[in-house]
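Beneath this line is the structure, given in structure tokens, with notes to follow.
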Amino acid sequence: MAKCRICQSKYQPFIDFGPMPISNNFLAEKDFANEYFFPMKAGFCSSCSMVQLLEQPAADVMFHDNYTFFSGTSRLMAEHFKHFADDIKLNYLTDKQSPFVVEIGSNDGIMLQNFAEAPYRHLGVEPSANVARVAQDKGLNSIVRFFNLETAKDIVAAHGQADAFLAANCMCHIPTLHDIIEGIAHLMSPGGVVAFEDPYLGEVIRNTSFDQLYDEHVFLFSLHSISAAFAQHGFELIDAKPLETHGGSMRYYLSQKGMRPVSSRVKQLLQDEVDLGLLIPGTYDKFRLGCEQIRDDLKYLLIKLKREGKRVVGYAATSKSTTLLNYAGIGPELIEYISDTTPLKQGKFSPGMHIPVLPAETLQGNYPEYLLLFAYNHQKEIFAKEAQFAKNDGKWIMFVPNVHVVE
Ligand code: TYD
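When the count follows my numbering, it moves up by one through the sequence shown with no breaks and lands on 417 for the last residue.
Right under this line is the structure:
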């Protein structure tokens, strides 16, 4: 039995993915022997409805000076964060003279850059020094630290309280969520808005997108579980918006209880979660069967293509692909290489299964018959970019919400 990180109740895992490496640890051949693995199991706490990994590697094993994920790799994501920033400016900050905005996990500054000009004051808090440096080089204020109560106290002492606290694809990374919320409670000005977005449990269940679970994603949030966690610190959910990013995300808006009106959307979305079965353990058992089906169908398809002499290349060395490949046991015998635009990943090998990662240019003029799309969340952008592949009779292999081929 494991103990829930949010409400301390006991719960059982509903899925065991087996030994899993660090999802962003693209490594050189000399490091294969010392690769780090942890037992990856996920469970559902039926008391507060949080879905979580039972174990997570230590934070400094995942976030460090060689962190390989740069937020600015997608053009559409840059637009997305501009919209996020506009939403906060227009709906929550118009009544402030010189609003102070704090973002945690601010990475290379892709969102923070929208608050760089007056009247806004901004501060990024980012534990991975190499990505924070990219933000600093753009002239953004970014400190290299983990966020918690201590950090919040230092920020308030230096800059005053924050009017907006933002995070994107970061809150679900932090196992000590209560420490973060304690820090937030200290940091926020009265009526300040806390807004963050993460992959949404409801979409993961609808699409069987189990690859959203990996070392960094220790939680899969829902409106129910977020309300339960923040209520313990005097906050309430005032709004929530479903988003298309990362294959289906949710943006949560919270404020100190009673300080801001609660949108009618909250009630509706809470009901949708009940209707989807997010509060019943049986839903997660059904989900596990769906995961096993995808795992087996994909492996079967790849073995069949191999036997037919077809070439298959992976497209985008995502963190998500680490879960899929290791869970299904798919390695370089089935996938020739993975094409990726991130220089730090190129020339290295994928975590655990050790498939070579090569620059995206490798594909040009030498397309395989099949591309397996790991970054299905960027499908629109990628299909447009690779129009020539389809014109050459290339086929895309997709695995969400089920294994299928797009001709
Ligand atoms: P993303 O789905 O954001 O990754 P994660 O699962 O880690 O959150 O995809 C980012 C990765 O995809 C990054 O390694 C760059 C790569 N990528 C490409 O190689 N080509 C592309 O056109 C895009 C959009 C991403």
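Think of the CB as a built atom: it goes at the ideal place given N, C-alpha and C, for glycine as much as any other residue.
- With 16 or more other CB atoms across the displayed protein chains lying within 10 angstroms of its CB, Pro-31 is buried.
- Membership of Met-198 in the beta strand (DSSP E) is indicated by the continuous run 198–209.
- Shown here, Lys-92 sits in a helix according to DSSP, grouped into three states.
- For the pair Val-367 and Ile-345, the CB atoms are not nearer than the 7 Å cut-off.
- Here Phe-42 is exposed: its Cβ has fewer than 16 other Cβ atoms, across all protein chains shown, within 10 Å.
- Taking 6 Å as the cut-off, one finds at least one heavy atom of the ligand TYD near enough to the beta carbon of Asp-350.
- Where Met-181 is concerned, there is no enclosing beta strand (DSSP E), because DSSP gives it neither an H nor an E.
- Selection Ser-199, Gly-257, Phe-91, His-93 evaluated against Lys-390 yields Gly-257 as nearest (Cα-Cα).
- Residue state for Tyr-325 is assigned as strand, using DSSP reduced to three classes.
- Its Cα nearest to that of Ala-250, the residue Arg-275 stands out among Pro-23, Arg-275, Phe-91.
- For Lys-51, same chain residues with a beta-carbon under 6 Å away, outside a window of 5 residues either side, are Pro-23, Asp-26, Leu-64 in chain order.
- Residue pairing by DSSP puts Ser-152 in a beta bridge opposite Gly-134.
- Secondary structure at Ile-120: coil, using DSSP grouped into helix, strand and coil.
- In the DSSP assignment, the residues bridged to Ala-12 are Tyr-21.
- With a cutoff of 6 Å, Ala-326 counts as near the ligand TYD, since its C-beta is closer than that to a heavy atom of the ligand.
- Going by beta carbons, Ile-98 and Ala-205 fall inside the 7 Å limit.
- Using a cutoff of 6 Å, the CB of Ile-345 does not count as near the ligand TYD, since none of the ligand's heavy atoms is closer than that.
- Positions of the alpha helix (DSSP H) runs, each at least 4 residues long and wholly inside the region 271–337, are given as 274–286, 291–317 in order along the chain.
- Relative to Lys-40, the option among Phe-359, His-188, Phe-91 whose CA is nearest is Phe-359.
- In the displayed model, Ile-407 falls within a strand according to three-state DSSP.
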